[in-house]
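Colleague:
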Amino acid sequence: MNIEEIKADIEKNIPGASVTMEGDALIVAKDHLLEVARFLKGNEKYRMDYVSCVTGVDYLAKGYLESVNHLYSMEKKHGPVILKVRVPRDNPKMPSLVPVYRGAEFQERESYDLLGIVYEKHPDLRRILMWDEFEGHPLRKDYVQEDQDLP
Amino acid sequence: MMETTSAYKLETQTLEINIGPQHPSTHGVFRMNVVLDGETIVKLKPVMGYLHRNHEQLAENMSYLGSMPYTDRLDYICSMTNNFAYALAVEKLAGIDVPERAQYIRVMMAELTRLVNHTLLVGFLLNDLGAFFTPVLYAFREREKILDLFEAVAGSRMMCNYFRFGGVKADLPAGFLDRVKEIVNNYPKFLDEFERLLSGNEILQARCQNVGILSKELATNSSVTGPLLRASGVNYDIRKVDKYSIYDRFEFRVPLGTVGDVYDRYYLRILEMRESIKILQQLLKQMPEKGEIISPKGMQAAKTPRNWKPPVGDAYARIEAPKGELGFYLVSDGSAKPYRYHVRPPSFINLTILEDMCLGYKIADAIIILGSIDIVLGEVDR
Numbered sequence: 001m002n003i004e005e006i007k008a009d010i011e012k013n014i015p016g017a018s019v020t021m022e023g024d025a026l027i028v029a030k031d032h033l034l035e036v037a038r039f040l041k042g043n044e045k046y047r048m049d050y051v052s053c054v055t056g057v058d059y060l061a062k063g064y065l066e067s068v069n070h071l072y073s074m075e076k077k078h079g080p081v082i083l084k085v086r087v088p089r090d091n092p093k094m095p096s097l098v099p100v101y102r103g104a105e106f107q108e109r110e111s112y113d114l115l116g117i118v119y120e121k122h123p124d125l126r127r128i129l130m131w132d133e134f135e136g137h138p139l140r141k142d143y144v145q146e147d148q149d150l151p
Numbered sequence: 152m153m154e155t156t157s158a159y160k161l162e163t164q165t166l167e168i169n170i171g172p173q174h175p176s177t178h179g180v181f182r183m184n185v186v187l188d189g190e191t192i193v194k195l196k197p198v199m200g201y202l203h204r205n206h207e208q209l210a211e212n213m214s215y216l217g218s219m220p221y222t223d224r225l226d227y228i229c230s231m232t233n234n235f236a237y238a239l240a241v242e243k244l245a246g247i248d249v250p251e252r253a254q255y256i257r258v259m260m261a262e263l264t265r266l267v268n269h270t271l272l273v274g275f276l277l278n279d280l281g282a283f284f285t286p287v288l289y290a291f292r293e294r295e296k297i298l299d300l301f302e303a304v305a306g307s308r309m310m311c312n313y314f315r316f317g318g319v320k321a322d323l324p325a326g327f328l329d330r331v332k333e334i335v336n337n338y339p340k341f342l343d344e345f346e347r348l349l350s351g352n353e354i355l356q357a358r359c360q361n362v363g364i365l366s367k368e369l370a371t372n373s374s375v376t377g378p379l380l381r382a383s384g385v386n387y388d389i390r391k392v393d394k395y396s397i398y399d400r401f402e403f404r405v406p407l408g409t410v411g412d413v414y415d416r417y418y419l420r421i422l423e424m425r426e427s428i429k430i431l432q433q434l435l436k437q438m439p440e441k442g443e444i445i446s447p448k449g450m451q452a453a454k455t456p457r458n459w460k461p462p463v464g465d466a467y468a469r470i471e472a473p474k475g476e477l478g479f480y481l482v483s484d485g486s487a488k489p490y491r492y493h494v495r496p497p498s499f500i501n502l503t504i505l506e507d508m509c510l511g512y513k514i515a516d517a518i519i520i521l522g523s524i525d526i527v528l529g530e531v532d533r
């Protein structure tokens with residue numbers, strides 16, 4: 001799978017979509033994520049019908065949270081296409097992938113719970129691993145552990 | 152509350168109950184919040200996190216090699232495959248190669264683990280069905296023999312911590328391959344015995360057939376992987392698709408289900424074990440007698456773990472673990488600790504469609520549907 005070809009195909013079919021390459025990943029603007037995912041899923045050539053891994057990374061020094069999605073195709077048995085979305089740390093809102101891929105449901109809840117990325121239009125965005133009353137997001141790099149002063 | 156009326160115009164109400172967190176059928180501390188209409192399930196929400204210890208943050212605060220023993224504790228039935236996936240991810244990140252003999256040892260351990268996992272699952276599924284502990288003890292009897300092998304090679308029966316980046320920790324002890332050969336030769340007999348006891352059993356068929364049906368489309372769309380996916384008839388086995396390690400050198404079939412019910416999932420596991428035995432037979436014939444078990448670059452990482460720094464970048468590696476796709480996503484910032492360490496746990500994601508599979512079935516069916524998904528809470532909660 002040629003990443004430049006995928007980029008060109010996306011830009012041809014979704015007007016106004018801004019996609020940049022970085023390594024073997026495609027960085028997509030958050031407003032176009034759903035359209036890009038729908039295109040990759042429906043297109044005859046790609047048929048990316050399976051989202052394998054949905055997670056996030058907190059880049060504290062660069063000031064953004066990055067959502068990382070690995071898409072594969074079960075029908076064509078190829079992949080991955082890696083879609084990354086960057087959102088600012090103080091307003092980490094991005095669209096949920098659940099309308100396109102049901103498999104993102106629990107993984108987005110996890111990444112909301114631990115990293116604090118807010119997925120809009122997610123059907124049931126609650127904490128999943130930590131308890132409901134818990135404050136903060138433990139996987140953020142500026143999270144202060146209660147016991148971190150202990151030897 | 153939803154209200155329904157009976158044929159005799161009696162007022163009825165739905166009932167909300169919790170199955171778990173302390174319940175033997177949940178295989179650990181897991182809770183199902185169920186709304187019942189009589190005995191029929193109208194709503195089901197899984198609640199998890201009771202065993203959460205923030206495995207990912209622990210790993211981000213130690214060296215790369217330091218979290219290898221922690222991966223044992225994810226899916227504690229299959230520690231070897233957890234090691235395998237993590238080692239592959241780090242090897243991809245740092246570009247470490249693996250010598251020939253180590254590849255064979257790795258695949259051998261992974262397939263033995265598959266035998267352990269599937270045997271145990273079938274036993275516990277029967278436990279959930281009410282065949283209390285007879286099938287499990289047969290399963291334990293066979294599992295014990297394989298755990299003895301793990302002990303001989305890694306020094307530990309369940310928490311193996313056997314894989315290293317670029318190879319494995321130690322070479323096989325003397326006489327090890329003969330013991331593997333014996334197990335491989337005797338396993339089909341055990342499977343026949345198991346099947347004579349179970350597959351044609353009328354009660355098992357009545358309880359399992361046409362229960363908890365999962366359609367092909369929903370299975371694909373909701374990222375279900377492993378035997379659960381293949382029981383629904385989707386041909387997707389990462390050993391075949393990615394051909395990681397040396398899986399392209401062995402001939403084996405990918406068994407598929409037709410209906411996608413609990414019975415298919417049970418039977419598929421029996422068939423997968425037979426295929427694993429085929430792989431092991433071919434492996435024993437092909438395996439080189441002598442050779443390196445760890446590459447020089449890997450040795451460096453194993454000898455000085457706290458000073459070992461992979462280049463900046465990110466990597467995602469995945470394997471076909473016994474429960475489904477197990478993946479590790481790593482981000483390196485060039486220091487000795489991973490900047491980001493993420494596990495893609497198969498049994499956690501396979502729980503997404505638990506509600507869809509249970510709706511409309513009886514509460515007793517929910518227990519076996521959960522049993523047929525095959526979850527381990529160490530991995531679900533991390």
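Sequence order for the protein chains is Y and S. Reading the first sequence from the start, the letters are residues 1 to 151 in the numbering used here. Reading the second sequence from the start, the letters are residues 152 to 533 in the numbering used here. All residues carry an ideal CB built from backbone N, CA and C; glycine is no exception.
Does residue 357/S pass the burial test, meaning 16 or more other C-beta atoms within 10 Å, or should it be called exposed?
Modeller: As a position in the second sequence, residue 357/S is number 206, starting the count at 1. Exposed: under 16 other Cβ atoms inside 10 Å.
Colleague: Taking the beta strand (DSSP E) that residue 479/S falls in, what are its first and last residues?
Modeller: Here residue 479/S refers to the residue found at position 328 when the second sequence is read from its first residue. Unbroken beta strand (DSSP E) run through residue 479/S: 475-483.
Colleague: Could you tell me the distance, in whole angstroms, from the CA atom of residue 414/S to the CA atom of residue 420/S?
Modeller: Numbered from 1 along the second sequence, position 263 holds the residue referred to as residue 414/S. Numbered from 1 along the second sequence, position 269 holds the residue referred to as residue 420/S. When rounded, the distance between both Cα atoms is 10 Å.
Colleague: For my contact list, residue 269/S and residue 489/S are in at a C-beta cut-off of 8 Å; report their separation, rounded to the angstrom.
Modeller: By 1-based counting over the second sequence, the position of residue 269/S is 118. By 1-based counting over the second sequence, the position of residue 489/S is 338. Not confirmed; about 31 Å, so no contact.
Colleague: Given a limit of 7 Å on CB to CB distance, which residues of the segment 511-527 of chain S reach chain B?
Modeller: Looking at the structure shown, chain B is missing, and the protein chains on hand are Y and S.
Colleague: Check whether the segment 293-308 of chain S touches the segment 422-434 of chain S, counting contact only when three or more Cβ pairs, one atom from each stretch, lie closer than 8 Å.
Modeller: Flag = no, the segment 293-308 of chain S and the segment 422-434 of chain S do not touch.
Colleague: Closer than 8 Å between beta carbons: that is the criterion. Which residues of the segment 481-503 of chain S meet it against chain Y?
Modeller: So the list reads 482, 490, 491, 493, 495, 499, 500, 502, 503, given in the order they occur along the chain.
Colleague: Which chain S residues are close to residue 239/Y, counting only those with a beta carbon under 7 Å from its beta carbon?
Modeller: Summary: the structure shown does not reach residue 239/Y, with chain Y confined to residues 1 through 151, and so no result is reported for it.
Colleague: By the 10 Å Cβ neighbour count, where 16 or more other Cβ atoms means buried, how is residue 226/S classified, buried or exposed?
Modeller: Residue 226/S sits at position 75 when you count from the first residue of the second sequence. When all chains shown are included, residue 226/S counts as buried.
Colleague: Could you give the DSSP three-state label for residue 284/S: helix, strand or coil?
Modeller: Numbered from its first residue, the second sequence carries residue 284/S at position 133. In the structure shown, residue 284/S sits in coil (DSSP, three-state: anything other than H, G, I, E or B).
Colleague: Output, in chain order, the set of chain S residues within a Cβ distance shorter than 8 Å of residue 51/Y.
Modeller: Within the first sequence, residue 51/Y is the residue found at index 51, counting from 1. The contacting residues are 374.
Colleague: If residue 233/S and residue 375/S are in contact, beta carbons under 8 Å, what's the gap, nearest whole angstrom?
Modeller: By 1-based counting over the second sequence, the position of residue 233/S is 82. By 1-based counting over the second sequence, the position of residue 375/S is 224. At roughly 20 Å, the Cβ-Cβ gap does not stay under 8 Å, so residue 233/S and residue 375/S are not in contact.
Colleague: Closer than 8 Å, CB to CB, is residue 137/Y near chain S or not?
Modeller: Counting from one through the first sequence, the residue named residue 137/Y turns up at place 137. No, because no Cβ of chain S sits closer than 8 Å to the Cβ of residue 137/Y.
Colleague: What first and last residue would you give for the beta strand (DSSP E) that runs through residue 466/S?
Modeller: On the second sequence, residue 466/S is found 315 positions in, with the first residue counted as 1. It spans 464-472 - the beta strand (DSSP E) in which residue 466/S sits, taken as one unbroken run.
Colleague: Could you pull out every residue in the same chain whose Cβ sits closer than 7 Å to the Cβ of residue 145/Y, ignoring the five residues on either side in sequence?
Modeller: As a first step, residue 145/Y is located in the first sequence; it is residue number 145 there, counting from the start. Hits under 7 Å: none found.
Colleague: Using the C-alpha atoms, what's the distance from residue 477/S back to residue 512/S?
Modeller: Working through the second sequence from its first residue, we reach residue 512/S at position 361. Working through the second sequence from its first residue, we reach residue 477/S at position 326. Whole-angstrom Cα-Cα distance: 30 Å.
Colleague: Name, going along the chain, the residues of the segment 42-66 of chain Y whose beta-carbon falls closer than 7 Å to a beta-carbon of chain S.
Modeller: Taking 7 Å as the Cβ-Cβ cut-off against chain S, the residues of the segment 42-66 of chain Y that qualify are 49, 50, 51, 52, 53, 55, 57.
Colleague: Measuring CB to CB, does residue 10/Y end up less than 8 Å from residue 84/Y?
Modeller: Here residue 10/Y corresponds to residue number 10 of the first sequence, with the count starting at 1. Here residue 84/Y corresponds to residue number 84 of the first sequence, with the count starting at 1. No, these two residues do not count as a Cβ contact at 8 Å.
Colleague: What does residue 208/S reach in chain Y if we use C-beta pairs closer than 7 Å?
Modeller: If you number the second sequence from 1, residue 208/S lands on position 57. Those are 138, 139, listed as they occur along chain Y.
Colleague: Using DSSP with H/G/I as helix, E/B as strand and the rest coil, what is residue 203/S?
Modeller: If you number the second sequence from 1, residue 203/S lands on position 52. Coil.
Colleague: Report the rounded CA-to-CA distance for residue 540/S versus residue 394/S, giving the unit in angstroms.
Modeller: Limits of chain S in this structure are 152 at one end and 533 at the other, which puts residue 540/S out of reach.
Colleague: For residue 159/S, does the three-state DSSP call read helix, strand or coil?
Modeller: Here residue 159/S is taken as the residue at index 8 of the second sequence, counted from 1. Residue state, collapsed to three classes: coil.
Colleague: Thinking residue 192/S and residue 514/S are a contact (beta carbons under 8 Å), I'd like their distance in whole angstroms, please.
Modeller: To locate residue 192/S, count along the second sequence from 1; it is residue 41. To locate residue 514/S, count along the second sequence from 1; it is residue 363. Correct: roughly 6 Å between the Cβ atoms.
Colleague: Among all the DSSP beta bridges, which residues are the ones paired with residue 297/S?
Modeller: The residue labelled residue 297/S in the question sits at position 146 within the second sequence. Its beta-bridge partners do not exist; DSSP assigns none.
Colleague: Could you give the distance in angstroms between the alpha-carbon of residue 242/S and the alpha-carbon of residue 384/S?
Modeller: Locating residue 242/S in the second sequence gives position 91, counting from the first residue. Locating residue 384/S in the second sequence gives position 233, counting from the first residue. Rounded to whole angstroms, residue 242/S to residue 384/S spans 33 Å at the Cα level.
Colleague: What does residue 205/S touch in chain Y if you count any residue whose Cβ is under 7 Å from its own?
Modeller: Taking the second sequence and counting its residues from 1, the one referred to as residue 205/S is at position 54. The answer, in chain order, is 138.
Colleague: Helix, strand or coil for residue 315/S, going by three-state DSSP, please let me know.
Modeller: Walking along the second sequence from the start, residue 315/S turns up at place 164. Residue 315/S: strand per DSSP, three-state reduction.
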